[in-house]
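So the structure is just underneath, and the comments pick up after that.
Numbering (the working numbering), first residue to last: 5 to 150.
In C-alpha cells form, the structure reads like this:
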C-alpha cells in the first residue's frame with residue numbers, strides 16, 4: 005500500500021532547486037547545492053541547499069550519500085531532518101581524498117545528496133538491570149569475521 009506524503013518545500017534563494025527524482029520508482033529525492041563550493045582534500049564542509057522543508061508530523065527526512073560522489077572519494081554524512089525543523093537544509097560533505105589534486109568543486113544546481121522520507125516509529129525506552137540473552141551476545145566491531 006502506497007502512502008502519499010505531502011512535503012512542503014520553501015526555496016530560500018534564486019539558485020535553490022526543489023528536491024527531485026530521476027525515476028518514479030526511486031526511493032531517494034535528489035538534493036541540490038544552491039551555491040558554488042570547493043571541498044579541499046581532507047576537509048569537511050556544510051553545503052547549502054537553499055531549501056527549507058515542512059515534513060508531516062510522524063515522518064522525517066534522512067540525508068544519504070549518492071553513489072557517484074562516494075566513488076569520487078566524497079562522503080556525505082548521514083543527517084536527519086525532523087518534521088519540526090524549518091531552517092535551511094545543509095549537507096555535510098567530507099572529502100576523503102588526499103594531496104593537492106584532491107579538491108572537489110560543486111556548482112550551484114549540482115546534485116549533492118539524496119533524501120529518503122521515513123516514518124518515525126513510536127518508541128518507549130525502558131531502563132532495566134538485565135537484558136535477554138542472544139546468540140550474538142557482546143560481539144561487535146568485526147566479531148563475526150570477514
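Yeah, the Cβ is synthetic: ideal placement off N, Cα and C, and Gly gets one too.
In this text the structure is predicted, and so the values were computed from the model without any measurement.
- Ranking 127, 115, 108, 143 by CA distance to the CA of residue 46 puts 108 first.
- In this structure, the beta-carbon distance from residue 82 to residue 66 falls below 8 Å.
- The stretch 63 to 78 and the stretch 119 to 132 touch, with three or more beta-carbon pairs separated by less than 8 Å.
- Fully enclosed alpha helix (DSSP H) runs of no fewer than 4 residues occupy 71 to 74 of the stretch 39 to 99, in order along the chain.
- Look at residue 23 here: in three-state DSSP terms it is coil, with no helix or strand label.
- In this structure residue 48 is in contact with residue 98, their Cβ atoms being roughly 5 Å apart against a cut-off of 8 Å.
- For residue 104, same chain residues with a beta-carbon under 8 Å away, outside a window of 5 residues either side, are 45 in chain order.
- The three-state reading of DSSP puts residue 104 in helix, counting H, G and I together.
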